[in-house]
Amino acid sequence: MSFLSKLFGKGEEPRREPFNMQPTAEMMDKNRYCLNSSESLRIIRLLSVAAVFFLIVSCSSLTAVRVEGNAMLPTYKDGDRVAVNKNAGSIERLDIIIFHYPEDTTKTYIKRVIGLPGETISIADGKVIIDGKELAEPYVDPDHNRSGFQLHAFRVKTDSYFVMGDNRDNSSDSRYWGSVNKELVIGKCF
55 MSFLSKLFGK GEEPRREPFN MQPTAEMMDK NRYCLNSSES LRIIRLLSVA
105 AVFFLIVSCS SLTAVRVEGN AMLPTYKDGD RVAVNKNAGS IERLDIIIFH
155 YPEDTTKTYI KRVIGLPGET ISIADGKVII DGKELAEPYV DPDHNRSGFQ
205 LHAFRVKTDS YFVMGDNRDN SSDSRYWGSV NKELVIGKCF
């Protein structure tokens with residue numbers, strides 16, 4: 055007795071349906087997600103246009119600048135090239151920014167953001183105090199921070215940033231000419 059006979063009982067052969075060439079609903083549902091060549095080309099064109107648009111926007115918001123001077127030692131030295139994002143969004147403490155010098159907007163400077171809008175900055179014995187708390191600054195080389203500059207309770211304007219160079223002994227920054235208005239910021243380095 056064959057396996058099928060055992061399965062269906064007393065030697066009866068199973069009833070076979072004739073082969074049907076019509077697609078089932080399940081097959082139609084699966085084919086609904088297949089693309090023909092014109093749809094594929096349309097999607098490829100759309101993705102290509104999106105990629106070109108992205109590159110144009112990205113390239114117009116990115117630029118490279120050359121560092122002049124040693125005010126940012128040891129982070130950047132004279133002649134280094136730095137990438138700058140002109141559409142940087144929000145600026146946070148310790149970000150390095152490029153901006154127009156407040157006293158002569160034809161000049162551009164690169165500095166680190168130390169104080170944010172509305173904060174109170176003090177400097178004593180080479181240490182920066184923000185709203186009563188000392189700022190940890192591992193990027194500052196003690197050999198470049200010996201000037202003994204003192205600043206007592208400088209209040210950062212609500213639309214500005216307090217910026218300083220990492221080379222504190224050789225940096226013209228907010229300690230000398232005040233805070234940088236947000237409107238003067240060109241972009242953020244990365």
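The sequence shown maps to residues 55 to 244 in our numbering. Built from N, CA and C at the ideal position, the CB exists for glycine as well. Here the structure is a predicted model, which means the values were calculated and not measured.
Residue burial classification, residue i (beta-carbon count within 10 angstroms, cutoff 16)
i      : result
VAL106 : exposed
MET131 : This sequence places Lys at residue 131; Met is not what is there. Classification for LYS131: exposed.
VAL103 : exposed
LYS165 : buried
ILE98  : exposed
TYR215 : buried
SER225 : buried
ARG222 : buried
LEU100 : exposed
LEU95  : exposed
GLY169 : buried
Integer-rounded CB distance, given that residue j should sit under 8 Å from residue i
i      : j      : result
GLY241 : ILE152 : 5 Å
VAL217 : ASP227 : 6 Å
VAL136 : VAL121 : 6 Å
ILE150 : CYS243 : 4 Å
Top-ranked residue by Cα proximity to residue i, from the options
i      : options                           : result
GLY219 : ILE98, LEU101 and THR129          : THR129
ALA207 : VAL217, HIS198, ILE175 and ASN141 : ILE175
TYR163 : SER115, ASN124 and LEU101         : ASN124
LEU116 : GLY172, MET126, LEU189 and ASN141 : ASN141
PRO171 : VAL138, GLU157 and ASN235         : ASN235
LEU148 : SER225, LEU100 and ALA190         : ALA190
VAL167 : LEU100, ASP197, ARG229 and LEU101 : ARG229
GLY186 : TYR193, GLY143, ILE150 and ARG209 : ARG209
LYS211 : THR159, GLU173, SER91 and SER144  : GLU173
ARG200 : CYS243, ASP213 and ILE177         : ILE177
HIS198 : GLN204, ILE184, GLY143 and GLY180 : GLY180
ASP195 : LEU127, SER92, THR159 and VAL119  : LEU127
LYS161 : TYR193, ASP134, VAL119 and ILE183 : VAL119
PHE203 : VAL182, GLU188, HIS154 and PRO192 : VAL182
For residue i: DSSP bridge partner residues
i      : result
TYR163 : PHE153
ASN235 : SER214
GLU173 : GLU173 pairs with nothing; no bridge assigned.
ALA178 : LYS181
ALA118 : ALA137
ARG209 : THR174
LYS187 : ILE184
LYS131 : Looking at the DSSP assignment, LYS131 forms no beta bridge with any residue, so it has no partner.
GLY202 : GLY202 pairs with nothing; no bridge assigned.
GLY143 : Per DSSP, none; premise fails for GLY143.
GLY219 : Partner(s): none; GLY219 has no beta bridge.
GLY241 : ILE152
Contact with chain C by residue i, beta-carbon distance below 9 Å
i      : result
ASP179 : The displayed structure is made up of one protein chain only, and chain C is not part of it.
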